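Chemist: One structure, pasted below without further comment.
Number of protein chains: 2
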Amino acid sequence: MGDAAESDGLTVGAAASHAGVTVRTLHHWDAIGLVRPSGRTAGGYRLYSAADVARVHRVLIYRELGLPLDDIGELLDAPAVDMTVPLRQQRAQLLDRISRLQSMVDAVDRMIEAANAGILLSAEEQVAIFGQRWDPAWAEGARDRWGETPQWAQYAERAAGMTPEDWRRIADSVATLENDLAAAKRAGVRPGSAEANALAERHRASIGAYFDCTLPMHVCLGRSHAADPGFRAYYDAIEPGLTFWLRDIIDANARDRGIDPDSATWT
Amino acid sequence: MGDAAESDGLTVGAAASHAGVTVRTLHHWDAIGLVRPSGRTAGGYRLYSAADVARVHRVLIYRELGLPLDDIGELLDAPAVDMTVPLRQQRAQLLDRISRLQSMVDAVDRMIEAANAGILLSAEEQVAIFGQRWDPAWAEGARDRWGETPQWAQYAERAAGMTPEDWRRIADSVATLENDLAAAKRAGVRPGSAEANALAERHRASIGAYFDCTLPMHVCLGRSHAADPGFRAYYDAIEPGLTFWLRDIIDANARDRGIDPDSATWT
DNA sequence: ATTTGACCCTGACGCCGCGTCAGGCTCCAC
DNA sequence: GTGGAGCCTGACGCGGCGTCAGGGTCAAAT
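Protein sequences, first through last, are from chains L and D. Under the numbering used here, think of the first position of the first sequence as 10, with each following residue one higher. Under the numbering used here, think of the first position of the second sequence as 10, with each following residue one higher.
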């Protein structure tokens with residue numbers, strides 16, 4: 010029929026398991042004055058009366074709503090305040106946090122998309138921006154070859170934050186650069202000349218829009234472009250022999266800046 | 010054309026305003042090793058190189074995704090790890106947090122509804138559960154009269170967590186109680202008798218389903234019910250004179266338990 | 001009466017990402 | 001050399017407890 014201890018009150022452990030919280034939680038609520046046991050034993054043990062346990066349950070209800078403990082204390086101690094006011098505030102705060110989390114999810118999605126697809130534009134948009142000579146399959150191919158490098162990660166970061174408008178501006182400057190390269194080659198500019206080195210640096214800087222391209226990386230890129238029939242076809246359509254000439258001015262530029270192009274490695 | 014300091018690096022303040030963060034943030038990121046400036050002046054000032062600032066920007070990108078700083082550090086330092094793995098994890102975590110927040114919003118809505126309407130059932134549901142003699146307008150009237158009391162707040166807490174099924178069980182036990190009351194009155198049970206007191210306590214306990222009803226509160230309730238034509242009509246339809254008899258057994262029960270019913274107040 | 005073992009006490013640090021002092025040093029311009 | 005802006009390190013605070021550490025209490029079993 011219930012022992013004497015129960016009629017006087019429950020110890021923390023009993024009250025805690027009764028309410029489905031931990032002992033530490035009740036200690037904490039006692040410390041901050043949210044729920045203090047109405048009695049103590051001679052030895053200092055907390056004793057929770059039925060009313061105390063009921064208060065714990067009331068606290069739990071508001072805690073499930075995400076209210077801060079301070080507000081809960083005010084709510085429970087206020088004699089007859091309109092509880093819908095803090096509840097409406099809480100509702101607004103929750104909705105605010107949800108919308109911010111949702112925008113985070115959207116951003117994460119864009120980032121995953123950038124890392125996967127390599128570009129955040131549909132095939133149609135790609136053709137519209139980069140011109141008809143652009144093959145959207147190149148984006149996939151690039152991911153297959155470079156997708157595991159830190160540079161690709163860096164590229165994905167930047168791509169995730171770019172709009173089609175940004176892409177258009179980049180495409181414009183790239184097209185200008187390609188025209189300048191073709192004009193220089195036609196004009197007979199020699200690799201290693203000041204003009205050629207300036208163009209090589211402009212080319213490296215344009216790659217910098219995607220990731221931080223060092224001189225050795227630049228050399229590797231120039232050579233792998235030259236070895237790739239697809240790239241050759243693209244560049245040579247602008248100006249015959251442009252791919253090899255570009256590789257040569259990149260090599261010469263690197264050499265002039267103290268890098269041996271023949272021992273350049275990607276990393 | 011840029012001062013010497015700029016070529017060597019930026020001070021914290023400059024780097025901070027450059028990246029749109031506070032100085033304290035850069036201090037913190039330095040302390041935890043996330044972004045440490047690559048140099049210091051003779052006097053100990055932090056000097057952020059262009060590469061350092063770039064790293065700050067990369068950190069910002071991932072911070073906007075809600076990633077913890079530790080994870081960001083790993084991402085940036087990992088040589089060629091697949092970044093979609095932590096991103097997918099992050100996405101899952103975000104969705105999880107959103108759904109929990111959403112359930113909080115739902116709970117808050119239920120609570121507001123309970124505090125406003127007084128009951129979380131439509132008028133049709135109320136009639137279906139409490140029977141045709143129940144007038145849904147009573148719920149509104151009750152809120153108008155009691156809506157500002159702490160007992161109403163407590164009632165709203167409990168109502169917010171109740172399902173129609175819960176209401177049905179309560180309605181059943183109330184109906185049983187009313188029948189027992191009517192039977193006892195017909196049988197000539199006298200107020201103050203053990204049987205009458207037991208019934209009064211059962212009645213008080215049934216109110217306890219809504220809020221903690223003390224003996225003085227019980228007395229006040231019995232008297233205000235007796236004074237209300239609507240309540241009288243409801244109870245007297247069960248058994249003529251039941252309202253007054255109920256008030257009397259409540260008064261007697263309170264007196265037998267040491268409460269003077271004539272000086273009982275609500276609070 | 002004592003021992004055991006389960007339970008209780010207080011106090012303090014840790015988490016996460018900084019904001020916000022406090023007390024003192026450095027830098028650059030005048 | 002001097003003033004003021006900017007920098008340094010160190011420390012506390014927030015929110016809601018989890019998780020030891022070191023020691024006392026309680027009731028049952030011996």
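Virtual Cβ for every residue (Gly too), placed ideally from N, Cα, C. Keep in mind the model is a prediction, meaning the values are calculated, not measured.
1) Would you mind giving the Cβ-Cβ distance between D/S233 and D/S182, rounded to the nearest angstrom? I have them listed as a contact below 8 Å.
2) Which residue wins for smallest C-alpha separation from D/E122, given the options D/A162, D/I107, D/A28 and D/N262?
3) Of the residues L/Y244, L/D144, L/M92 and L/A168, which one's Cα is nearest the Cα of L/D189?
4) Tell me the rounded alpha-carbon separation between D/L74 and L/D105.
5) Could you tell me the distance, in whole angstroms, from the CA atom of L/A165 to the CA atom of L/W155?
6) Determine the chain D residues that contact L/L224 at a beta-carbon separation under 8 Å, and present them in chain order.
7) Which residues, taken in chain order from the stretch 195-221 of chain L, show a beta carbon closer than 9 Å to some beta carbon of chain D?
8) So, helix, strand or coil for L/Y57, using DSSP?
9) Can you find a CB in chain L that lies within less than 9 Å of the CB of D/D153?
10) In chain order, what residues of the same chain have a beta carbon less than 8 Å from the beta carbon of L/I268, not counting five sequence neighbours either side?
11) Kindly list, in the order they appear in chain L, the residues whose Cβ is closer than 8 Å to that of D/G170.
12) Should the stretch 202-213 of chain L be called in touch with the stretch 23-41 of chain D, which here means at least 3 C-beta pairs below 8 Å?
13) Which partner residues does D/R266 have in the DSSP bridge list?
14) Use the C-beta contact count for D/G22: other C-beta atoms within 10 angstroms, 16 or more gives buried, fewer gives exposed.
15) Assign D/G48 to one of three DSSP states: helix, strand, or coil.
16) Around the Cβ of D/G150, are there at least 16 other Cβ atoms within 10 angstroms (buried) or fewer (exposed)?
17) Return helix, strand or coil for L/L43, following the three-state DSSP convention.
18) Determine, for L/L104, whether the minimum Cβ-Cβ distance to residues of chain D falls below 9 Å.
19) Could you tell me which chain L residues have their CB closer than 8 Å to the CB of D/V65, listed as they occur along the chain?
20) Hey, could you find the ends of the alpha helix (DSSP H) D/P159 is sitting in?
21) Since L/V283 and L/L103 are thought to touch, with beta carbons under 8 Å apart, how far apart are those beta carbons, to the nearest angstrom?
22) Would you mind giving the Cβ-Cβ distance between D/W147 and D/V136, rounded to the nearest angstrom? I have them listed as a contact below 8 Å.
23) Can the beta-carbon of D/I107 be found less than 9 Å from the beta-carbon of L/V117?
24) Run through the DSSP bridge pairs and tell me what L/L19 is partnered with.
25) Candidates L/D175, L/P238 and L/L251: which alpha carbon is nearest L/A196's?
26) Using the Cβ count rule (16 or more neighbours within 10 Å means buried), how would you classify L/N125?
27) Can you tell which of D/D80, D/W176, D/Q111 and D/D86 has its C-alpha closest to the C-alpha of D/Q98?
28) Among the residues of its own chain, which have a CB less than 6 Å from the CB of L/P46, if the five just before and after it don't count?
29) Does the beta-carbon distance from D/M92 to D/A169 come in below 9 Å?
30) Going residue by residue through the stretch 154-239 of chain D, where are the continuous alpha helix (DSSP H) segments of at least 4 residues, counting only ones entirely within it?
31) By the three-class DSSP mapping on this structure, what secondary structure does D/W6 have?
32) Taking the alpha-carbon positions, what's the D/A246 to D/F139 distance?
33) Do D/A209 and D/A263 have their beta-carbon atoms positioned less than 9 Å apart in this structure?
34) For L/P95, which three-state DSSP category applies?
Modeler: Quick answer:
1) In fact, because the Cβ distance is near 22 Å, the residues do not count as touching under 8 Å.
2) D/A162
3) Measuring from the Cα of L/D189, the nearest candidate turns out to be L/Y244.
4) 16 Å
5) 11 Å
6) Residues of chain D passing the Cβ test: none, with the nearest at roughly 15 Å.
7) D221
8) strand
9) no
10) Excluding sequence neighbours, L/I268 sits near L224, P225 and V228.
11) I70
12) no
13) Under DSSP, D/R266 shares a beta bridge with no residue.
14) Per the 10 Å Cβ criterion, exposed.
15) If DSSP states are grouped into helix, strand and coil, D/G48 belongs with the strands.
16) exposed
17) In the structure shown, L/L43 sits in coil (DSSP, three-state: anything other than H, G, I, E or B).
18) yes
19) Per Cβ cutoff of 8 Å: no residues; D/V65 is ~13 Å from chain L at best.
20) P159 to A169
21) There is no way to answer for residue 283 of chain L, as the model of chain L reaches only from 10 to 276.
22) Actually they do not touch by this definition, with Cβ atoms about 12 Å apart.
23) In this structure, L/V117 does not lie closer than 9 Å to D/I107 by Cβ.
24) L/Y57
25) L/L251
26) Counting Cβ neighbours within 10 Å, L/N125 comes out exposed, since fewer than 16 surround it.
27) D/D80
28) R55, L56, Y57 and D61
29) D/M92 places its beta carbon 9 Å or farther from that of D/A169.
30) 159-169, 173-195, 203-216 and 224-236, all fully within the stretch 154-239 of chain D.
31) Past the edges of chain D, shown from 10 to 276, lies residue 6 of chain D, and the structure says nothing about it.
32) 15 Å
33) yes
34) helix
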